[in-house]
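The numbering of the sequence shown is this note's numbering, which starts it at 11 and goes up by one.
Below is one structure, written out as structure tokens; the observations come after it.
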Amino acid sequence: MTSTRSALITGAARRVGAEIARRLHADYDLLLHARASRNEAEAAAARFNARRAGSARLIGGELADEASRAALCAAVGSAPLDLLVLNASRYGRSDLDATPAARNADLRAFLEVNVVASWDLALRLRPLLAAAARANGDAAIVLILDVYAQRPLPGYEAYSISRAAGAMLVQALARALGPAGIRVNGVAPGTVLWAETPERAETADALTSGTALGRIGSPADVAQAVRYLADAHYVTGSVLPVDGGRGTHI
């Protein structure tokens with residue numbers, strides 16, 4: 011890789027993750043993580059490498075599995091890492107009428123991907139981030155959360171709980187990693203893309219009328235926030251809402 015800064019983006023193949031990668035590529039060499047969407051990730055890496063040789067590399071891995079996370083971090087290598095964007099997540103409905111065993115397994119699955127994996131990757135990659143902070147005076151972690159970290163989405167209780175835990179993870183890691191020069195922040199998007207599942211949690215009318223701006227956002231809005239936090243050298247422990255002002259319409 012050729013540029014002075016490097017970034018690892020989880021879930022980088024599609025949707026918001028792909029837009030974050032596109033936005034960062036001008037200033038970062040990219041490690042693109044993908045689990046299932048490897049074809050899209052390979053195509054993105056090829057496009058980035060056509061623009062700047064050696065500027066993108068694909069890393070696979072199942073975030074719900076500890077051994078796979080360890081292998082993912084080993085594949086990153088030993089070079090300093092300037093930015094870690096934890097974008098990959100698990101999203102879906104909860105069935106509160108399921109059996110206790112099924113309900114509990116559902117919550118554990120959300121926590122494993124949305125909280126434990128972020129915790130694990132951040133701490134496993136801490137030496138590489140600290141090395142970048144020593145070399146360049148700064149390193150950053152950005153965790154992509156959700157507006158439902160602050161208020162539960164009916165029907166998506168386990169998901170909402172995992173996002174709330176993610177918001178606390180931002181604050182806890184910001185304090186723990188700050189002495190090493192590693193900043194930790196979050197981005198909490200409102201609706202910037204419709205879910206790919208047939209059933210939608212909210213209608214378009216409800217979403218647009220519930221924002222101060224009267225419209226939904228776009229993946230570019232999230233990528234812009236990530237780019238800001240990557241260079242906001244005196245910002246840590248914060249979660250930046252990117253929701254069109256939904257917080258003013260609670």
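Built from N, CA and C at the ideal position, the CB exists for glycine as well.
Nothing here was measured: the structure is a model prediction, and the numbers come from that model.
Local Cβ density within 10 Å of residue i, reported as buried at 16 or more and exposed below that
{"i": "residue 30", "result": "buried"}
{"i": "residue 243", "result": "exposed"}
{"i": "residue 241", "result": "exposed"}
{"i": "residue 106", "result": "exposed"}
{"i": "residue 1", "result": "Because the chain is modelled from 11 through 260, residue 1 falls outside the range shown and cannot be assessed."}
{"i": "residue 182", "result": "exposed"}
{"i": "residue 147", "result": "exposed"}
{"i": "residue 88", "result": "exposed"}
{"i": "residue 250", "result": "buried"}
{"i": "residue 111", "result": "exposed"}
{"i": "residue 46", "result": "exposed"}
{"i": "residue 84", "result": "exposed"}
{"i": "residue 23", "result": "buried"}
{"i": "residue 36", "result": "exposed"}
Through-space distance from residue j to residue i, alpha-carbon basis
{"i": "residue 39", "j": "residue 103", "result": "36 Å"}
{"i": "residue 63", "j": "residue 42", "result": "15 Å"}
{"i": "residue 260", "j": "residue 72", "result": "Note that residue 260 scores a pLDDT of 42, beneath 50, so its modelled location is shaky and nothing firm can be said."}
{"i": "residue 114", "j": "residue 82", "result": "27 Å"}
{"i": "residue 173", "j": "residue 226", "result": "20 Å"}
{"i": "residue 186", "j": "residue 69", "result": "27 Å"}
{"i": "residue 52", "j": "residue 145", "result": "30 Å"}
{"i": "residue 120", "j": "residue 49", "result": "25 Å"}
{"i": "residue 13", "j": "residue 133", "result": "Residue confidence is low: residue 13 scores 48 on pLDDT, short of 50, so the model does not pin down where it sits. No coordinate-derived value is stated."}
{"i": "residue 61", "j": "residue 67", "result": "13 Å"}
{"i": "residue 150", "j": "residue 142", "result": "9 Å"}
{"i": "residue 184", "j": "residue 109", "result": "37 Å"}
{"i": "residue 74", "j": "residue 122", "result": "6 Å"}
{"i": "residue 16", "j": "residue 165", "result": "38 Å"}
C-beta contact flag for residue i and residue j at 7 Å
{"i": "residue 254", "j": "residue 223", "result": "yes"}
{"i": "residue 233", "j": "residue 33", "result": "yes"}
{"i": "residue 163", "j": "residue 170", "result": "yes"}
{"i": "residue 135", "j": "residue 168", "result": "no"}
{"i": "residue 21", "j": "residue 97", "result": "yes"}
{"i": "residue 229", "j": "residue 202", "result": "yes"}
{"i": "residue 139", "j": "residue 91", "result": "yes"}
{"i": "residue 94", "j": "residue 155", "result": "no"}
{"i": "residue 239", "j": "residue 152", "result": "yes"}
Residues sharing a beta bridge with residue i, DSSP
{"i": "residue 39", "result": "16"}
{"i": "residue 67", "result": "41"}
{"i": "residue 193", "result": "150"}
{"i": "residue 249", "result": "196"}
{"i": "residue 95", "result": "19, 152"}
### Task
Indicate whether the contact test is met: 3 or more Cβ pairs, each with one atom in the region 50 to 62 and one in the region 89 to 103, closer than 8 Å.
As far as the Cβ criterion goes, the region 50 to 62 does not touch the region 89 to 103, which means the pair count is below three.
### Message
Count Cβ pairs between the region 191 to 200 and the region 152 to 162 that sit closer than 8 Å; are there 3 or more?
### Response
A contact exists between the region 191 to 200 and the region 152 to 162.
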